[in-house]
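> Input: one structure, supplied below.
Protein chains: 4
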Amino acid sequence: MFSISIRGGSPVYEQLVKRITELISIGALQKDEKLPPVREVAKQLGVNPNTVQKAYQLLEHQGLIYSVPAKGSYVSSSDEGLEALQRSALISFTQSAKNAVACGIKKETLVLALNSI
Amino acid sequence: MFSISIRGGSPVYEQLVKRITELISIGALQKDEKLPPVREVAKQLGVNPNTVQKAYQLLEHQGLIYSVPAKGSYVSSSDEGLEALQRSALISFTQSAKNAVACGIKKETLVLALNSI
Amino acid sequence: MFSISIRGGSPVYEQLVKRITELISIGALQKDEKLPPVREVAKQLGVNPNTVQKAYQLLEHQGLIYSVPAKGSYVSSSDEGLEALQRSALISFTQSAKNAVACGIKKETLVLALNSI
Amino acid sequence: MFSISIRGGSPVYEQLVKRITELISIGALQKDEKLPPVREVAKQLGVNPNTVQKAYQLLEHQGLIYSVPAKGSYVSSSDEGLEALQRSALISFTQSAKNAVACGIKKETLVLALNSI
DNA sequence: GTGGTCTAGACCACG
DNA sequence: GTGGTCTAGACCACT
């Protein structure tokens, strides 16, 4: 389902948020598609339900998904949330790019690094 | 002096390292220039001297500064430092680039943003 | 028919009650007008008939509508309903007013907002 | 400290958020003033630390307070968060006021209700 | 000692 | 069965 690495430095819930964000942004999870239940994800990942719940609630807060109590969680049909996320991601990207240039790294090097992701 | 945000999520010593690194990279701190004493920085920031000390040690370990016992710390004049500088800048650049891609931003868009800096 | 948002945090039956109450209060549903059958509303909203039934029962209990077994539900022609209507509207008004005050908005500001409706 | 009612219908963490919001908005909690530690509040209220933590994190997310790991939580020095809260509170107030008027309640009655809060 | 994360459960309202 | 809330604890990094 949502593969994560339990010992990955960053908190599990954060990895989940990132992974699901990714799946939504590339269209692997369609609008209004139902997400697997909290408990199921928890069981499959060998993680506590609370941890998954936290991830889902964060995603809902960002507007990427919406939860209907006693029904399930679904991918949000509006693009607002995703666009807001992309805006802030682009800003932080630009800032770190500026910093790299300020350190004397050539833009060409950055483009190369970009392509090798 | 070194303005940092106490409420920055990331540890203070890390912010200090990043900030001083930045100042050196843009030339605000010249080669062989003396850095302010640990205690003074600590007092001005309202932070434990140990925290500042930790930052200075990390910077020395990276070759960005060097310490003369009983005299103070100075910006390194060799080029060792610069490499460490660029390495960390490149890492943070790559990370934010990965994040942007995970949010569904196309690499082409990032290249465009890169060229318009 | 009765447009509601499935993803609205509050229970579906509650939204239904609120919406129908609103329609009656503004005269969109006339006195003694027949309400659509439970099953039909349920089908159109993609909701369980029990949920709609619950809403209708609550409305009947408030005196806003009355049910004729084997015939259907109708908007109440007496004035009992209106009072219930106004009561609930006043309650929700008071609650949001309290909340606004709790957020530090002065009562004078609220009165001003009230007059400019 | 922060008096709440454990059996108050609304979740404990929500009551806490509301109460602290109130204290900040009326100036009972000054800018940059330190909030009592999560564990302490939990002990005094006879509530689990997680519950208090949830409230603090929500407040931080709203920009009303900021948390420094291993140091404590403090009232935010900027007014951004509070202003955003007040904006949305005012909007929901206006909406329910409109609804009440649509139900046939006179504005004078609403003003009276407002003054008796 | 502090905030942040997490586990292993539990109960509730709702559909 | 579902999401939402909560308890009673635990470990970690950091100050």
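For the protein sequence lines, the chains are E, G, B and W, in the order given. For the first sequence, position 51 matches number 71 in the working numbering, and the numbering has no gaps at all. For the second sequence, position 62 matches number 82 in the working numbering, and the numbering has no gaps at all. For the third sequence, position 94 matches number 114 in the working numbering, and the numbering has no gaps at all. For the fourth sequence, position 111 matches number 131 in the working numbering, and the numbering has no gaps at all. Every residue gets a Cβ at the ideal spot worked out from N, C-alpha and C, and that includes glycine.
Is the beta carbon of G:K127 sitting closer than 8 Å to the one on E:N68?
Their beta carbons are not under 8 Å apart, which means G:K127 does not touch E:N68 by this criterion.
> Give the straight-line distance between the Cα atoms of B:I46 and W:R27, rounded to the nearest whole angstrom.
Going from the Cα of B:I46 to the Cα of W:R27 covers about 37 Å.
> DSSP beta-bridge partners for W:Y94?
For W:Y94, which the question treats as bridged, DSSP gives the partners W:K54, W:Y86.
> Please look up how many angstroms separate the CB atoms of W:I24 and W:L79, rounded, as I've assumed it's under 8 Å.
Contact doesn't hold; Cβ gap of about 14 Å is too wide.
> With 8 Å as the threshold, decide whether the Cβ of B:K126 is near any Cβ in chain W.
Judged by the 8 Å Cβ criterion, B:K126 is not in contact with chain W.
> Under a Cβ-count criterion, where at least 16 other Cβ atoms within 10 Å of its own Cβ denotes burial, should W:A90 be classed as buried or exposed?
W:A90 comes out exposed.
> Is DSSP giving W:K126 helix, strand or coil here?
Note: W:K126 maps to coil in three-state DSSP.
> Would you mind reading off the limits of the alpha helix (DSSP H) that contains W:N70?
Run containing W:N70: 69-81, per the alpha helix (DSSP H) assignment.
> For the stretch 118-125 of chain E and the stretch 103-114 of chain G, state whether three or more C-beta atom pairs, one from each stretch, are separated by less than 8 Å.
Yes, since at least three Cβ pairs between the stretch 118-125 of chain E and the stretch 103-114 of chain G fall closer than 8 Å, the two stretches touch.
> So, is the C-beta of W:K74 closer than 8 Å to a C-beta in chain B?
No, its Cβ sits nowhere closer than 8 Å to a Cβ of chain B.
> In whole angstroms, what is the alpha-carbon distance linking B:K54 and E:L65?
Cα to Cα, the separation comes out at about 52 Å.
> When DSSP labels each residue in this structure, what does G:G47 get in the three-state scheme?
Note: G:G47 maps to coil in three-state DSSP.
> Can you tell me whether E:V61 is buried or exposed, with buried defined as 16 or more other CB within 10 angstroms of its CB?
Its Cβ being crowded by 16 or more others within 10 Å, E:V61 is buried.
> Using only the alpha-carbon positions, how far apart do G:P57 and G:V95 sit?
When rounded, the distance between both Cα atoms is 13 Å.
> Can you give the Cα-Cα distance for E:T71 and W:N70, rounded to whole angstroms?
Each residue's alpha carbon lies about 13 Å from the other.
> Check E:R27 in the structure and name its three-state DSSP category.
Of the three classes helix, strand and coil, the one that applies to E:R27 here is coil, per DSSP.
> Does G:E42 have its Cβ less than 8 Å from a Cβ in chain E?
G:E42 counts as touching chain E.
> Just checking: is the beta-carbon of B:S25 within a distance shorter than 8 Å of some beta-carbon in chain W?
Cβ-Cβ to chain W under 8 Å: no for B:S25.
> Please confirm if E:V95 has its CB atom under 8 Å from at least one CB of chain G.
So no, E:V95 is outside the interface.
> Who are the neighbours of B:F113 on chain W, taking C-beta pairs under 7 Å?
The contacting residues are S116, A117, A120, L130, A133.
> Examine chain E for any beta-carbon lying closer than 8 Å to the beta-carbon of G:L84, and answer yes or no.
So no, G:L84 is outside the interface.
> Kindly list, in the order they appear in chain W, the residues whose Cβ is closer than 7 Å to that of B:S87.
In chain order: nothing, as chain W lies at least about 23 Å away.
> Out of W:K74, W:K51, W:D52, W:K63, point me to the one whose CA is closest to W:E34's CA.
Of the candidates W:K74, W:K51, W:D52, W:K63, the one whose C-alpha sits nearest the C-alpha of W:E34 is W:K74.
> Hey, W:I125 and B:L110: beta-carbon distance below 8 Å or not?
Yes; because the gap between Cβ atoms is below 8 Å, this pair is in contact.
> Rounded to whole angstroms, what is the Cα-Cα separation between G:L132 and E:I137?
Roughly 16 Å separates the two Cα atoms.
> Keeping to the same chain, check which residues put their C-beta closer than 6 Å to that of W:G92; ignore five residues upstream and five downstream.
For W:G92, where only same-chain residues beyond five positions count, the Cβ hits under 6 Å are K54.
> Put G:G66 into one of helix, strand or coil per three-state DSSP.
Three-state result, G:G66: coil.
> Can you look up B:I40 in the DSSP assignment and give me helix, strand or coil?
Of the three classes helix, strand and coil, the one that applies to B:I40 here is helix, per DSSP.
> Using the beta-carbon of each residue, which ones in chain W are nearer than 8 Å to B:S98?
Chain W residues near B:S98: none, gap ~15 Å exceeds 8 Å.
> Within 8 Å (strictly less), CB to CB, does B:A109 reach chain W?
Answer yes: the Cβ-Cβ gap between B:A109 and chain W drops below 8 Å somewhere.
> Can you pull the chain B neighbours of W:L102, defined as C-beta to C-beta under 9 Å?
Those within 9 Å of W:L102 in chain B are C123, G124.
> Step through the CB atoms of chain W and report whether any lies within less than 8 Å of the CB of B:Q106.
Yes, because at least one Cβ of chain W sits closer than 8 Å to the Cβ of B:Q106.
> For B:S45, which residues in chain W fall below 9 Å Cβ to Cβ?
In chain order: N119, A122, C123, G124.
> Whose Cβ in chain B lies nearer than 8 Å to the Cβ of W:K54?
Per Cβ cutoff of 8 Å: no residues; W:K54 is ~21 Å from chain B at best.
> So what's W:S116 in DSSP terms, helix, strand or just coil?
If DSSP states are grouped into helix, strand and coil, W:S116 belongs with the helices.
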